[in-house]
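Novice: Please read through the structure below; I'll follow up with questions.
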Amino acid sequence: MWRKLVLMSSLFICSSAMADMRYYVASLDNSLWRVSENSRIECRLEHDIPDYGKAIFSSKAGKRLNMLFTLDMWMKPDEITEAKLFSRAPNWRPGIKSKSLTQLSYHKQFNGELPKKAAWSMLNELSKGMEPTFYYPDWYSQADNVAVGLSSANFGGQYREFRSCLAKLLPYSFDDIAFTVLTYEEGETELTHFSKYQLKKVQEYLSYDPDVELVLIDAFTDSYGPKGVNQTMSDNRADSVKQLLIASGIPQDKIISSGHGEKRHVASNELSQDRERNRRVVIQISKAF
Numbered sequence: 038m039w040r041k042l043v044l045m046s047s048l049f050i051c052s053s054a055m056a057d058m059r060y061y062v063a064s065l066d067n068s069l070w071r072v073s074e075n076s077r078i079e080c081r082l083e084h085d086i087p088d089y090g091k092a093i094f095s096s097k098a099g100k101r102l103n104m105l106f107t108l109d110m111w112m113k114p115d116e117i118t119e120a121k122l123f124s125r126a127p128n129w130r131p132g133i134k135s136k137s138l139t140q141l142s143y144h145k146q147f148n149g150e151l152p153k154k155a156a157w158s159m160l161n162e163l164s165k166g167m168e169p170t171f172y173y174p175d176w177y178s179q180a181d182n183v184a185v186g187l188s189s190a191n192f193g194g195q196y197r198e199f200r201s202c203l204a205k206l207l208p209y210s211f212d213d214i215a216f217t218v219l220t221y222e223e224g225e226t227e228l229t230h231f232s233k234y235q236l237k238k239v240q241e242y243l244s245y246d247p248d249v250e251l252v253l254i255d256a257f258t259d260s261y262g263p264k265g266v267n268q269t270m271s272d273n274r275a276d277s278v279k280q281l282l283i284a285s286g287i288p289q290d291k292i293i294s295s296g297h298g299e300k301r302h303v304a305s306n307e308l309s310q311d312r313e314r315n316r317r318v319v320i321q322i323s324k325a326f
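Just so you know, we're using the numbering used here here: the sequence shown kicks off at 38 and counts up by one.
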């Protein structure tokens, strides 16, 4: 009799806890996944969570493949909140045990974020038909709990497109080309072999990024030769790089080029390698974030 009462009490507590749980997840009919960004500099996979916000997996061009998960909430946390992430089976797949994936802290007035490893774990669970779900206490009532799930319905096709986008990301980022120094052979208008490679990277990246606001091109020479000739040479070098960027599709009104001749040396002119450092074009790029 006592064991029966304990069992009934446990069942009551469990059902009571479930009654206090607000659960946000898309139904089979309205589960929507979409690749919202598909370019060589960024890939984004988004999922709407009705009455709550959206889930975003994103990766940007870089030397190493990166991945970030963002839980974009309509109502941001009102205080620091500890949350747990589980992979659970959707209601239409009974009998499969849930498993813990990770824990995280929601910071006040910020969206929830998870780094690369946890983000990939979520994608892997979704590809298996599971439902990654966040559990945390309500910000306004610690007695209540909230569960936020990502439905795996209609996930497969968009995930394949997302993975295809990831495979085509450029192997360098904006930070890798935002400050680029090009150097020249002595007495020549010809860039060094390495600088040609660097310039191609700048051209390629800029052709994909619509958020670039300004490209500054500053050209300099060493001190060998008449000052007037050096000034003209620096002007020509700056304009030459500018024309190459315009030919790559960069709007002319976003580019400012200047020749500075023998001014602003970064090394002496005693040794040939120092003079090479002075014979340079500096490209500085700014963008809207």
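We treat Cβ as the ideally placed atom computed from N, Cα and C, and that holds for glycine.
Would you please state the rounded distance, in angstroms, between the beta carbons of P169 and L187? I believe it to be under 8 Å.
Specialist: Sequence index remark: in the sequence shown, residue 169 carries index 132 (1-based). Sequence index remark: in the sequence shown, residue 187 carries index 150 (1-based). P169 to L187, Cβ: 5 Å. Contact.
Novice: So within the region 113-141, which uninterrupted beta strand (DSSP E) runs reach at least 3 residues, ignoring any that extend past its ends?
Specialist: Qualifying beta strand (DSSP E) stretches, in chain order: 118-125.
Novice: So which of N267, Y172, L251, I320 has the shortest CA-CA distance to Y143?
Specialist: Counted from its first residue, the sequence shown places residue 143 at position 106. Nearest C-alpha to Y143: Y172.
Novice: Give the straight-line distance between the Cα atoms of Q268 and Q321, rounded to the nearest whole angstrom.
Specialist: Numbered from 1 along the sequence shown, position 231 holds the residue referred to as residue 268. Numbered from 1 along the sequence shown, position 284 holds the residue referred to as residue 321. Near 20 Å, if we compare the C-alpha coordinates of Q321 and Q268.
Novice: What are the boundary residues of the alpha helix (DSSP H) that includes N161?
Specialist: Your numbering for residue 161 matches position 124 in the sequence shown. Start and end: 153-164.
Novice: Give the DSSP bridge partners of T217, in chain order.
Specialist: Position 180 of the sequence shown, counting from 1, holds the residue named residue 217. Paired residues: I320.
Novice: So, for Q179: in the same chain, excluding its five sequence neighbours on each side, which residues have a beta-carbon less than 7 Å away from its beta-carbon?
Specialist: Taking the sequence shown and counting its residues from 1, the one referred to as residue 179 is at position 142. So the list is empty, once near-sequence residues are dropped.
Novice: Please name the residue or residues paired with G194 in a DSSP beta bridge.
Specialist: Taking the sequence shown and counting its residues from 1, the one referred to as residue 194 is at position 157. In the DSSP output, where bridge partners are listed per residue, G194 has none listed.
Novice: Residues in its own chain within less than 7 Å of F231 by CB, not counting five upstream and five downstream?
Specialist: The count along the sequence shown starts at 1 and reaches residue 231 at position 194. Excluding positions up to five away in sequence, the list is empty.
Novice: Take T217 and list the residues in its own chain whose beta-carbon comes closer than 7 Å to its own, dropping the five residues that flank it on each side.
Specialist: On the sequence shown, residue 217 is found 180 positions in, with the first residue counted as 1. So the list reads Q235, V239, I320, once near-sequence residues are dropped.
Novice: So the alpha helix (DSSP H) V266 belongs to, where does it begin and stop?
Specialist: Counting from one through the sequence shown, the residue named residue 266 turns up at place 229. Residues 264-284.
Novice: Tell me, please, which residues DSSP counts as bridged to M167.
Specialist: The residue you call residue 167 lines up with position 130 of the sequence shown. Paired residue(s): none; M167 is not in a bridge.
Novice: With distances taken Cα to Cα, identify the nearest neighbour of S285 among S271, K324, A325, K237.
Specialist: Looking up residue 285 in the sequence shown gives position 248. Of the listed residues, the one whose Cα sits closest to S285 is K237.
Novice: Does the pairing of the region 147-159 with the region 105-114 give three or more beta-carbon distances under 8 Å?
Specialist: Contact holds: three or more Cβ-Cβ distances are below 8 Å.
Novice: From what residue to what residue does the alpha helix (DSSP H) around Y242 run?
Specialist: Taking the sequence shown and counting its residues from 1, one reaches residue 242 at position 205. Note, Y242: alpha helix (DSSP H), 230-245.
Novice: So, at 6 Å on beta carbons, what are the nonlocal neighbours of R317 in its own chain, with the 5 sequence-adjacent residues on each side left out?
Specialist: For the purposes of this step, residue 317 is taken as residue 280 along the sequence shown, with counting starting at 1. So the list reads V218, T220, F257, once near-sequence residues are dropped.
Novice: Drop a sphere of 10 angstroms on the beta-carbon of R81, count the other beta-carbons inside from all chains shown, and report buried for 16 or more, exposed for fewer.
Specialist: Sequence index remark: in the sequence shown, residue 81 carries index 44 (1-based). Buried.
Novice: Take every Cβ of the region 69-83, pair it with every Cβ of the region 191-205, and state whether three or more of those distances are shorter than 8 Å.
Specialist: Yes: at least three Cβ pairs fall under 8 Å.
Novice: Using a Cβ-Cβ cutoff of less than 6 Å, which residues in the same chain neighbour G262 once the five nearest sequence positions on both sides are dropped?
Specialist: Here the question's residue 262 lines up with position 225 in the sequence shown. Nothing listed; no residue qualifies.
Novice: Below 8 Å on the Cβ atoms is my guess for L163 versus S189; work out the distance and round it to an integer in Å.
Specialist: What you label residue 163 is simply residue 126 of the sequence shown in a count that begins at 1. What you label residue 189 is simply residue 152 of the sequence shown in a count that begins at 1. 5 Å between Cβ atoms; contact.
Novice: Could you tell me the alpha carbon to alpha carbon distance between I287 and D213, rounded to whole angstroms?
Specialist: Within the sequence shown, the letter at position 250 stands for residue 287. Within the sequence shown, the letter at position 176 stands for residue 213. Their Cα atoms are separated by approximately 18 Å.
Novice: Leaving aside the five residues before and after D12 along the sequence, list all residues of the same chain whose C-beta is less than 7 Å from its C-beta, in chain order.
Specialist: Within the shown structure, residues of the chain are numbered from 38 to 326, placing residue 12 beyond reach of any answer.
Novice: Which residue comes first and which comes last in the beta strand (DSSP E) that contains K97?
Specialist: Looking up residue 97 in the sequence shown gives position 60. Counting along the chain, the beta strand (DSSP E) containing K97 begins and ends at 90-97.
Novice: What's the call for A325, buried or exposed, on a 16-neighbour Cβ count within 10 Å?
Specialist: As a working note, residue 325 is residue 288 in the sequence shown. Burial call: exposed.
Novice: Whole angstroms are fine: how far does the CA of L203 sit from the CA of N275?
Specialist: Locating residue 275 in the sequence shown gives position 238, where the first residue counts as 1. Locating residue 203 in the sequence shown gives position 166, where the first residue counts as 1. Before going further, note that residue 275 is Ala rather than Asn in the sequence given. So the two alpha carbons sit approximately 35 Å from each other.
Novice: Give a yes or no on whether the C-beta atoms belonging to K279 and I254 are separated by under 8 Å.
Specialist: Counting from one through the sequence shown, the residue named residue 279 turns up at place 242. Counting from one through the sequence shown, the residue named residue 254 turns up at place 217. Cβ atoms of K279 and I254: closer than 8 Å.
Novice: Can you tell me which of the three DSSP states R81 falls into?
Specialist: Residue numbering aside, residue 81 sits at position 44 when the sequence shown is read from its first letter. Reduced to three states, the DSSP call for R81 is strand.
Novice: Would you report the Cα separation of S271 and E222, rounded to the nearest angstrom?
Specialist: For the purposes of this step, residue 271 is taken as the residue at position 234 of the sequence shown. For the purposes of this step, residue 222 is taken as the residue at position 185 of the sequence shown. Straight-line Cα distance between these residues: approximately 13 Å.
Novice: Assign L203 to one of three DSSP states: helix, strand, or coil.
Specialist: On the sequence shown, position 166 is the one that residue 203 refers to. Here L203 sits in helix by DSSP.
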